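These notes concern the structure reproduced below.
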Amino acid sequence: MERFGEIPLALLDVLGRSVLMRTLDRLRAAGVGEIAVISDTDPLPPHPSATGCKFSVASPEDFWAEALQQFRRLGRNSECILVLRLGAWAELDYAAMVNEHRRSGSSVMRAYSPREEALDMFVVSSGSQSEAAALLRGELREQPMAAVPHKTCGYVNLLSAPASLRTLTLDAFVGESEIRPCGRELRPGVWIGDGARVHRDARILAPTFIGSCCTVRRAAVVTRGSSLEHHSEIDCATVIDNSSVMPYTRVGAGLDVECSVVGFQFVHSTQRQVTVEIEDPRLIGATTTQFSARTLTAAGWLLGLLPNVLWKFLFEPAPEAVLGSASKAFGPSPPVIGEPSLAPASVESQTESYREMAARRYGNE
Amino acid sequence: METSRPVIVKRVPESLNMKQVRVFLEEVRPLLEHDRPQLVFDFSLVRKIDAAGIDMLLYCMKEVARRDGDLKLASLTPQAQVVLDLTRTGRLFETFATSVDAVRSFSGYLPNMVRQFHPEPELEAESGGKAA
Chain A
25 MERFGEIPLA LLDVLGRSVL MRTLDRLRAA GVGEIAVISD TDPLPPHPSA
75 TGCKFSVASP EDFWAEALQQ FRRLGRNSEC ILVLRLGAWA ELDYAAMVNE
125 HRRSGSSVMR AYSPREEALD MFVVSSGSQS EAAALLRGEL REQPMAAVPH
175 KTCGYVNLLS APASLRTLTL DAFVGESEIR PCGRELRPGV WIGDGARVHR
225 DARILAPTFI GSCCTVRRAA VVTRGSSLEH HSEIDCATVI DNSSVMPYTR
275 VGAGLDVECS VVGFQFVHST QRQVTVEIED PRLIGATTTQ FSARTLTAAG
325 WLLGLLPNVL WKFLFEPAPE AVLGSASKAF GPSPPVIGEP SLAPASVESQ
375 TESYREMAAR RYGNE
Chain B
6 METSRPVIVK RVPESLNMKQ VRVFLEEVRP LLEHDRPQLV FDFSLVRKID
56 AAGIDMLLYC MKEVARRDGD LKLASLTPQA QVVLDLTRTG RLFETFATSV
106 DAVRSFSGYL PNMVRQFHPE PELEAESGGK AA
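Protein chains in written order, with the numbering used here: chain A, 25 to 389; chain B, 6 to 137.
Now the structure itself:
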């Protein structure tokens, strides 16, 4: 499948940076000069072209023809070309692979994982145009006859399903992978990106990553290797447990997200191995990618709050005045169980009951 | 004297959004008003649930509990299960793999003496709910 919410897994963030961007960083570090990236989907911000590569979007029909064209263009100025399909996250020593390719004198070399799984990663001599054409027409799936194997001993995650994102995140937290969270380690095992806002009543338990410009609201709990990617928002009293929240995703109030990948109105449960589309934005919604729209939304929310605050201040009695009343002593009925008004309960009332629920579950941690 | 009460199996529509919930609730409301209702909601068709669907389930549970009855869920699809887990409502209900299992579970509440005269509770299928 290799996609989640119609977006290729390689374009999704893992601990603050996408697999594509991390691969570009590794290629640059290995001394690769010119890089061309072809995708069938527009990437989420930040755009890969910011790293200096040539990025193009091609339709599925023209994709491999465009790849061949780029191969020919790059082949004019180079001895050999690395052809990668993302795909897998492989901590491959690209420089060592290219050197081995030179020594072997072969036209095509293919990388293999430590478990001897064939990876869609090749080094092709720029003079071998016919081999390159056959390779790209076969969408890098077919094994070239003349390919020499190159076995890597680095970490490999095939990213074959959304659950692989969770595996990659957890492997990064425990240091099995080279991937490091993009943020400040605020306390051991808790990384926070720039501009993230965490309510003082929220609980963040290590290891956890909170990406840049994320918002974690009151009484929320983020725990057990969870990662919140940039501009995501966790509403009041929601528990994020062993899960990944994708960029620009809003998770509603009072939810229990456990062993899941959440984003773009989809929830993938790694336990049940099923992806469910959630159409209700009160459960899983999206935050906008534009700064101006986000500012306007926040301003609108603040303005909407003012009349309520004024009304309470002017007309409602102080809390001490009603504390002694019998109705208060018995307490109201639970906010979630009521007449089916088919409208969400108020955030304030939900928060208290959900907070108790969260405290029971995570009280000793 | 203790008598066996009917267990009603109701098949839930494929999509539990606000519009479908209103229709479903109209059908279910008379069943909720029985004395000590015994209900099974069959989720085998359900593919989508939103917050209105969850509200409806909680409302039905409240009404049934008020009349000292019981509401059980059966044949939950993975999609339904994920949404129930997400909204923390799954833990409030007893769930069963099939409607038949859910119906049989009600007989466990009958005293042994009564059960020998009523080995299986009477089953009523509503709106195409041929679970048994």
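Even glycine gets a Cβ: it sits at the ideal position worked out from N, Cα and C.
Computed from a predicted structure; not experimentally measured.
As computed with DSSP, Y272(A) is found in no beta bridge at all. By the criterion of a C-beta distance shorter than 7 Å, S284(A) is surrounded in its chain by S267, V291, H292, S293 and T294, once the five residues flanking it on both sides are discounted. Annotation: Cβ neighbours of E282(A) in chain B (cutoff 8 Å, chain order): D90. For S293(A), the nearest beta carbon of chain B is closer than 8 Å to its own beta carbon.
Interface criterion met: the Cβ of D304(A) is under 8 Å from a Cβ in chain B.
Chain A places no beta carbon closer than 8 Å to that of K24(B), leaving this residue out of the contacts. In this structure, the CA atom of V12(B) is about 35 Å from the CA atom of I308(A). Here the segment 39–56 of chain B makes no contact with the segment 251–263 of chain A; the two share fewer than three CB pairs at distances below 8 Å. Look at N123(A) here: in three-state DSSP terms it is helix. Below the 7 Å Cβ cutoff, chain B contributes no neighbours of L189(A), its closest Cβ being approximately 17 Å away. The segment 186–200 of chain A makes no contact with the segment 88–108 of chain A, as fewer than three CB pairs between them are under 8 Å. Straight-line spacing of the CA atoms in R97(A) and L320(A) works out to 45 Å. Between R296(A) and chain B, the shortest Cβ-Cβ separation is below 8 Å. Neighbours of V198(A) in chain B, taken as residues whose beta carbon is under 7 Å from its own, are absent, since the nearest beta carbon is some 26 Å off. Close to chain A, meaning a Cβ-Cβ distance shorter than 7 Å, are the following residues of the segment 75–100 of chain B: P83, Q84, Q86, V87, V88, D90, L91, T92 and R93. In the DSSP annotation of this structure, the continuous segment of the alpha helix (DSSP H) that includes S110(B) starts and ends at S104 to S112.
Residue state for N266(A) is assigned as coil, using DSSP reduced to three classes. The C-beta of D60(B) has 16 or more other C-beta atoms within 10 Å across all chains shown, which makes the residue buried. In this structure K67(B) does not touch S110(B) by the C-beta definition: roughly 21 Å separates them, more than the 8 Å allowed. Contact annotation, V240(A) with H254(A): C-beta distance approximately 13 Å; criterion of less than 8 Å not satisfied. Secondary-structure assignment with DSSP links G309(A) through a beta bridge to R274(A). Residues of chain A whose Cβ lies closer than 7 Å to the Cβ of A56(B) are, in chain order, D304, R306, L307 and P368.
Taking a C-beta cut-off of 7 Å against chain B, none of the residues of the segment 242–254 of chain A qualify.
Against V300(A), the close residues of chain B are Q84, V87 and V88, in the order they occur along the chain (beta-carbon pairs closer than 7 Å). Judged by DSSP secondary structure, A185(A) falls outside any beta strand (DSSP E); it is assigned neither H nor E.
Its Cα nearest to that of L97(B), the residue L89(B) stands out among L89(B), D40(B) and T103(B). Nearest C-alpha to L279(A) among G74(B), N22(B) and R93(B): R93(B).
In terms of Cα proximity to A60(A), the closest of A226(A), D66(A), V43(A) and E90(A) is E90(A). Residue range A56 to R71 is occupied by the alpha helix (DSSP H) that includes Y64(B).
Interface criterion met: the Cβ of K53(B) is under 8 Å from a Cβ in chain A.
Residues E19 of the same chain have their beta carbon placed closer than 6 Å to that of L50(B), with the five preceding and five following residues left out of the count. Residues I54 and G58 of the same chain have their beta carbon placed closer than 6 Å to that of L21(B), with the five preceding and five following residues left out of the count. Distances from the CA of S83(A) to each of A310(A), A230(A) and T65(A) were compared; the closest alpha carbon is that of T65(A). Residue environment for V333(A): exposed (fewer than 16 other C-beta atoms within 10 angstroms of its C-beta). Rounded to whole angstroms, the separation of the alpha carbons of V245(A) and G213(A) is 15 Å. In the structure shown, V51(B) adopts coil according to DSSP, grouped into three states.
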